[in-house]
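Okay, so here's the structure we're looking at.
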Amino acid sequence: MTYQLKAIGKVKNDENGTFIQLEPEYIPGLQALEGFSHINVFWWFSDCDNDADRNELQTEQPYKGAPEVMGVFATRSPSRPNPIALTASEIINIDFTNGIIRVTFIDANDNTPVLDIKPYTPSFDRVETPGVPVWCSEWPKSTEASGYFDWGQVFKF
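Here the numbering used here = 1-based position in the sequence shown + 20.
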């Protein structure tokens, strides 16, 4: 079976911040997005799309205090069978005419392909009492807090 994906736009980073620039044919898809404070952005780890990264199923301890060997599905690593990423991003504003969504943050590089956008809705996207292993239990409890967290104390690279 084959699957076909088509980028709907790109992540852009410039002197004014970060935004998603939609391809013109997808701009009508922004209709009624106003009012949502956040979006879930599905993007392609294009910088890590190669045979070696797609075949890496285990990695040596990427986080301090984590198990010595971890399966890729227990990490947020870009090295995975299908290099798909998901980021919940806060919307700053939307230019409905030009297909631009300015966001506060997305952990994607400039020109990264965007595969899809969905509104963040607490009824589907929020877990009130998530469980995590002890080794990452001291990590921030929200994306907002993550922005101020010293991730250098967590990652081993």
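Cβ atoms here follow ideal geometry from the backbone N, Cα and C, with glycine treated the same way.
Item checked: For T79, the nearest candidate out of V89, D71 and N70 (CA to CA) -> V89
Item checked: Complete alpha helix (DSSP H) runs within the region 51-135 (minimum length 4 residues, chain order) -> 71-74
Note to self: Please classify W63 as buried or exposed, where buried requires at least 16 other C-beta atoms within 10 Å of its C-beta.
What the structure shows: buried
Next item on the list: Could you please give me the residues that DSSP links to N33 through a beta bridge?
Entry: T38
Next item on the list: Compare the Cα-Cα distances from I114 to each of V147, T38 and E148 and report the closest residue.
Entry: T38
Next item on the list: Could you tell me whether the Cβ atoms of P103 and D145 are closer together than 8 Å?
Entry: no
Next item on the list: Drop a sphere of 10 angstroms on the beta-carbon of I112, count the other beta-carbons inside from all chains shown, and report buried for 16 or more, exposed for fewer.
Entry: exposed
Checklist line | Through-space distance from K84 to D136, alpha-carbon basis | finding: 32 Å
Notebook entry, point to check: Using DSSP with H/G/I as helix, E/B as strand and the rest coil, what is I28?
Noted result: coil
Item checked: Residues that DSSP places opposite F175 in a beta bridge -> Y83
Notebook entry, point to check: Is the beta carbon of A105 sitting closer than 8 Å to the one on A86?
Noted result: no
Checklist line | Distance CB(V134)-CB(K26) smaller than 8 Å | finding: no
Checklist line | CB contact flag (I120, Q41, <8 Å) | finding: yes
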